[in-house]
Structures are given as structure tokens and as C-alpha cells.
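Those protein sequence lines, which keep their order, are chains S and B.
For the first sequence, full-length UniProt numbering gives the first residue as 1, with consecutive numbering after it.
For the second sequence, full-length UniProt numbering gives the first residue as 1, with consecutive numbering after it.
Here's the structure we're looking at; comments come further down.
Protein chains: 2
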Amino acid sequence: MSSPSSAAETTTLWAELRHAEPSDVPFIRRMIYQMAEFERLTHIFSATDSSLLSILFPSPPLPPFFSLTPLALYLSFTSPPVRSSQTLSITQFSIPFPVADPDESDFASPLGDGRCIAGFVICFPNYSTFLPKMGLYIEHIFVREPWRRMGLGKFMLSLVAKKAAELGMGRVDWCVLDWNVNAIEFYKGMGAEVFQEWRICRLTGPSLEKYKDD
Amino acid sequence: MSSPSSAAETTTLWAELRHAEPSDVPFIRRMIYQMAEFERLTHIFSATDSSLLSILFPSPPLPPFFSLTPLALYLSFTSPPVRSSQTLSITQFSIPFPVADPDESDFASPLGDGRCIAGFVICFPNYSTFLPKMGLYIEHIFVREPWRRMGLGKFMLSLVAKKAAELGMGRVDWCVLDWNVNAIEFYKGMGAEVFQEWRICRLTGPSLEKYKDD
Numbered sequence: 001m002s003s004p005s006s007a008a009e010t011t012t013l014w015a016e017l018r019h020a021e022p023s024d025v026p027f028i029r030r031m032i033y034q035m036a037e038f039e040r041l042t043h044i045f046s047a048t049d050s051s052l053l054s055i056l057f058p059s060p061p062l063p064p065f066f067s068l069t070p071l072a073l074y075l076s077f078t079s080p081p082v083r084s085s086q087t088l089s090i091t092q093f094s095i096p097f098p099v100a101d102p103d104e105s106d107f108a109s110p111l112g113d114g115r116c117i118a119g120f121v122i123c124f125p126n127y128s129t130f131l132p133k134m135g136l137y138i139e140h141i142f143v144r145e146p147w148r149r150m151g152l153g154k155f156m157l158s159l160v161a162k163k164a165a166e167l168g169m170g171r172v173d174w175c176v177l178d179w180n181v182n183a184i185e186f187y188k189g190m191g192a193e194v195f196q197e198w199r200i201c202r203l204t205g206p207s208l209e210k211y212k213d214d
Numbered sequence: 001m002s003s004p005s006s007a008a009e010t011t012t013l014w015a016e017l018r019h020a021e022p023s024d025v026p027f028i029r030r031m032i033y034q035m036a037e038f039e040r041l042t043h044i045f046s047a048t049d050s051s052l053l054s055i056l057f058p059s060p061p062l063p064p065f066f067s068l069t070p071l072a073l074y075l076s077f078t079s080p081p082v083r084s085s086q087t088l089s090i091t092q093f094s095i096p097f098p099v100a101d102p103d104e105s106d107f108a109s110p111l112g113d114g115r116c117i118a119g120f121v122i123c124f125p126n127y128s129t130f131l132p133k134m135g136l137y138i139e140h141i142f143v144r145e146p147w148r149r150m151g152l153g154k155f156m157l158s159l160v161a162k163k164a165a166e167l168g169m170g171r172v173d174w175c176v177l178d179w180n181v182n183a184i185e186f187y188k189g190m191g192a193e194v195f196q197e198w199r200i201c202r203l204t205g206p207s208l209e210k211y212k213d214d
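Structural data, given as C-alpha cells:
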């Protein structure tokens, strides 16, 4: 038996992945906090706008993808965005309508162009000495809850992978929690291998500080 | 019941952890291959001296610990090494004597000073946006087999942790295979947390290349 299907009402959405601007920092901070909540890591969250700004936008600026690189996902509904030098890609999506976004006003574009911010990526270079080549490590890739399951995560991850491949890098790495089965299925569908045997080790806080005086 | 113990013959060993030189590259390549054998990863090993040289020693040089940083572990027996600008630390050990090192001639110091190379570290900066601070990621930390269980791994890891703490970094991360119980015990003894829930995801090879033409 198949259940009856109804044609859902849809609308056009333009998504732009662009290099973040300093004015995006408060939005990125809020989204990092939303991630920390989901990953049950709010106890280690201590980022402020000012501390994030200084790490994400060092002076003088460093070359994108060869240093810490924040990308912001902007959505617009009324008209396609104008491509700028900061744009990685703009793509059109057809999505169910309406989308209820309770945080919409908190994530309204600081550029005053009627758009909203729905996600972000933060990545930085890593190195494989086996290949030996540079790679990219994705520290965060995040889509806000109302905007999930529309292809926006795939849009962002594909662009990061494309960029890494174009730059001659040998791999793109990131981490996932083993209980986040939706994310694992999504990543595998994108062609990723999920390593079951490797564990991350970490010295931090007092366990790291005690080595200072060694 | 306790078993009888005998006083083992011991000798003095001076260990120096120093910034690697280009002339250390062939030794580092051989040790990376030894690691790949142990980690059952020789199928992805494709480093040559020339490719390693270009990734480890870019021109112009980049600042140590804020870029890919190779360190080499030199051992001497006859006299303490002379401290240089490349030295991180020199420490004296009392070790069982004699030590059988079948690869000794392959790892004789290229500096012609009678020393031998027994290990290496390769690390590079990473970033925690939760803290938000820079950190160090240890891609490799390795002591050749005959020189293990003498404290040399602890000597190297402590120095990397000390350096990270002194530089104001927030953490030192690395990976371990879950079946490598000796390493896991050693790392925990050094104060490290071993994360059981996180899994590494990776796009590499054809799975990465296919995004180039997206």
C-alpha cells in the first residue's frame, strides 16, 4: 500500500556561500553556541564576539583556506543575490513553503539586504605526511534547524570539497559524534569514509597548563 | 611471592629534541613508513624525500608551531650535545645497556657527530572556536622500536605540551588507534582525555576529486 501524496506548496530560495565578514561574527557565535548545545559541550564554550573576531579575522589577513577560514550561508527569497568577490557560489533551491524560523529576526543579514543567515563553515588547513599533501579540516559545518533537509549542508560541504580539490589538497577531514546517525548517513552519502578505529586524544585546561612549568 | 630482581647494567643517554633540518628528511620519511606499517596504512603511503622536503620546509620558511613543524629526536652516548638555536631541550637518561638497534647505521646523524636519530614529532596548529584559541595537532609522534619504554615519548610529548601552553594555546590534540592499548595507557598517564564518541570522517582520493568538476 502506498499513502496518498499531496503536492506541497514550494517557493524559490537562493543560497549564497560566501567568505564571512567581521559583521557576521555575532551570528557565527550564536550558531557555534547552538552546536555546543547539540553536542552537549556548552561547558567548554567561552567564545565572545571580540575573541572570535580576533581569531577569525587576524590583522594582517591570512590567505583563505591556507589559514582559519569562516564561510557564511546567506539565504534570500525575493531576488537572487548579487555575486561579489567574497562569493564562493550561489545556487537556487525549490523548498517547501512557508518555513517557520523562530530565530529569523536574530539572524537577519547585517548587510541590510533582507537576507538571513542560515549556516556557516569554519575550516583550516591540515597536513597528511603519508600523501604528503595539505588538506582541509572542517571544524564546524552547521545549518540552523528550520533550514535542514533542503540540501544546504550538501551545498556547503560540496563547495569545501571542490575548493580543496582545486587547490591540490589531498583530503577533507572532520569529526562526527557516533550517536549522530543522521549526520553519519549524510556524510557517507557524500562519499566520506567514517573511521571506526581512531580516537581523538586531548590535553587541555589544567592538564595542559601543568606542562608550562616543566 | 615476589620474583628475584637483578641490577641491570645501565648507561647514560643524552636526548635532544630539536627543530628538524632538511638533512633529516630521509630519516623522517623512513620513520613515517615504519609508522604506516604499524598502523596498517602502507597502501596510502606515497611520500618521497622530495615531496616531504617541500611540505616540511617551504620557502620562505614559516614560523614554527604556527605552521607545519617537524622535530627530530637525537641521541648521544659519548658526550652531551651542544645546545643550538634549534634545540628545544636536552635531557639525560639512565637506560639499560647495551641497546640492540639493528637499524643504527640507517639512522646515523647526518651531522657527522656520532649521534643517532631515534624519533620525531610532526605537528601543526589547529583551532578551537569554543575556547576560542589556537591549539596544536600532533600528526605524528614516534620513537623507533629499540628506544621505547625509556621515557623518550614522554620527553617529546611533554615538550610539545609545554610549548603549546607557553604560546597561550588552548589544547593539544592527536589520534590513537583504539586497539593500541599501550599507547592509550601512556597518553592517559600524561593527563590526556581519550574521546570515545567522536569519529573522524574523510573525503580523499576519487571521492574528493569528483567534487572538482561539480
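Heads up, the beta-carbon is just placed ideally off N, CA and C, and yes, glycines get one too.
Keep in mind the model is a prediction, meaning the values are calculated, not measured.
- Let me know the secondary structure DSSP gives lysine 133 of chain B once reduced to three states. strand
- Message: Against chain B, with Cβ distances strictly below 8 Å, would threonine 129 of chain S count as a contact?
- Response: yes
- Within-8 Å CB hit, proline 132 of chain S to chain B: Yes, proline 132 of chain S counts as interfacial toward chain B.
- Query: Any C-beta of chain B sitting closer than 8 Å to the C-beta of tryptophan 198 of chain S?
  - Reply: yes
- With distances taken between CB atoms, is the gap from threonine 87 of chain B to arginine 18 of chain B smaller than 8 Å? yes
- Just list the alpha helix (DSSP H) runs in the UniProt domain "N-acetyltransferase" (117-214) of chain S, keeping only unbroken ones of 4 residues or longer that don't cross its boundaries, in chain order. 152-166, 181-189, 206-209
- Query: How should leucine 68 of chain B be labelled, buried or exposed, when 16 other C-beta atoms within 10 angstroms of its C-beta is the threshold for buried?
  - Reply: buried
- Query: Can leucine 75 of chain B and arginine 29 of chain B be called in contact, C-beta distance under 8 Å?
  - Reply: no
- Task: Assuming phenylalanine 93 of chain B contacts alanine 15 of chain B (C-beta within less than 8 Å), just tell me the rounded distance between them.
- Result: Right, the Cβ-Cβ distance comes to about 6 Å (below 8 Å), so this counts as a contact.
- Message: Using a Cβ-based criterion (distance less than 7 Å to any ligand heavy atom), does isoleucine 117 of chain B qualify as near the ligand GTP?
- Response: Looking at this structure, you won't find the ligand GTP or any other ligand, since it has none at all.
- Whose CA, out of B/Val194, B/Gly168, B/Met169, lies closest to the CA of tryptophan 179 of chain B? B/Val194
- Hey, could you find the ends of the beta strand (DSSP E) isoleucine 95 of chain B is sitting in? 87-96
- Could you check what DSSP says for serine 79 of chain B in three-state terms: helix, strand or coil? Of the three classes helix, strand and coil, the one that applies to serine 79 of chain B here is coil, per DSSP.
- From the DSSP output, in three-state form, read off alanine 15 of chain S for me. strand
- Query: Which two residues bound the contiguous alpha helix (DSSP H) that contains leucine 52 of chain B?
  - Reply: 49-56
- Quick one: list the residues of chain B neighbouring arginine 202 of chain S, beta-carbon separation under 9 Å, in chain order. Within chain B, the residues whose beta carbon sits less than 9 Å from that of arginine 202 of chain S are Gly135, Arg171, Val172, Asp173, Trp174, Ala192, Glu193, Val194, Phe195, listed in sequence order.
- Task: Specify the secondary structure class of proline 64 of chain B as computed by DSSP and reduced to three states.
- Result: coil
- Query: According to the neighbour-count rule (16 or more other Cβ atoms, all chains shown, within 10 Å of its Cβ), is alanine 20 of chain S buried or exposed?
  - Reply: buried
- Kindly indicate which three-state DSSP category proline 22 of chain B falls into: helix, strand or coil? helix
- Exposure of threonine 204 of chain B, with buried meaning 16 or more beta-carbon neighbours within 10 Å: Buried.
- Query: Per DSSP, tyrosine 33 of chain B is paired with what?
  - Reply: Tyrosine 33 of chain B pairs with nothing; no bridge assigned.
- For the region 6-36 of chain S, which residues have a beta carbon sitting closer than 7 Å to at least one beta carbon of chain B? Ile32, Ala36
- Message: Within a Cβ cutoff of 7 Å, which residues of the same chain sit near aspartate 113 of chain B, ignoring the five residues on either side of it in sequence?
- Response: Here aspartate 113 of chain B has no same chain residue with a Cβ atom under 7 Å from its own Cβ, once five neighbours each way along the sequence are excluded.
- Task: Name, please, each residue of chain S whose Cβ falls closer than 7 Å to the Cβ of aspartate 214 of chain B.
- Result: Ser158, Lys162
- Pair every Cβ in the region 142-161 of chain B with every Cβ in the region 49-60 of chain B, then say whether three or more of these pairs are closer than 8 Å. no
- Message: If the cut-off is 9 Å on Cβ atoms, which residues from the region 46-64 of chain B count as contacting chain S, listed in chain order?
- Response: Ser46, Ala47, Thr48, Ser51, Leu52, Ser54, Ile55, Leu56
- By a C-beta neighbour count over all protein chains shown, 10 Å radius and 16 as the cutoff for buried, is threonine 11 of chain B buried or exposed? exposed
- C-beta neighbour in chain S for leucine 68 of chain B, strict 8 Å: yes
- Item | Length of the line joining the Cα atoms of alanine 108 of chain B and isoleucine 141 of chain B | When rounded, the separation of the alpha-carbon atoms in alanine 108 of chain B and isoleucine 141 of chain B is 20 Å.
- Query: Should leucine 71 of chain S be labelled buried (16 or more other beta-carbon atoms within 10 Å of its own) or exposed?
  - Reply: buried
- Task: Answer yes or no: does any C-beta atom of chain B fall closer than 8 Å to that of proline 4 of chain S?
- Result: Its pLDDT being 42, under 50, proline 4 of chain S is placed unreliably by the model, and nothing is read from it.
- Distance, Cα to Cα, serine 5 of chain B vs proline 96 of chain B? Because the pLDDT of serine 5 of chain B is 45, which lies under 50, any placement of that residue in the model is unreliable, and the question is left without a value.
- Taking the CB atoms as reference points, tell me whether proline 98 of chain B and isoleucine 90 of chain B lie closer together than 8 Å. Isoleucine 90 of chain B is positioned such that its CB atom lies no closer than 8 Å to that of proline 98 of chain B.
- Query: Are phenylalanine 66 of chain B and proline 125 of chain B closer than 8 Å when you measure CB to CB?
  - Reply: yes
- Message: Let's test the definition: count the other Cβ atoms within 10 Å of the Cβ of threonine 48 of chain S and tell me whether it reaches 16, buried, or not, exposed.
- Response: exposed
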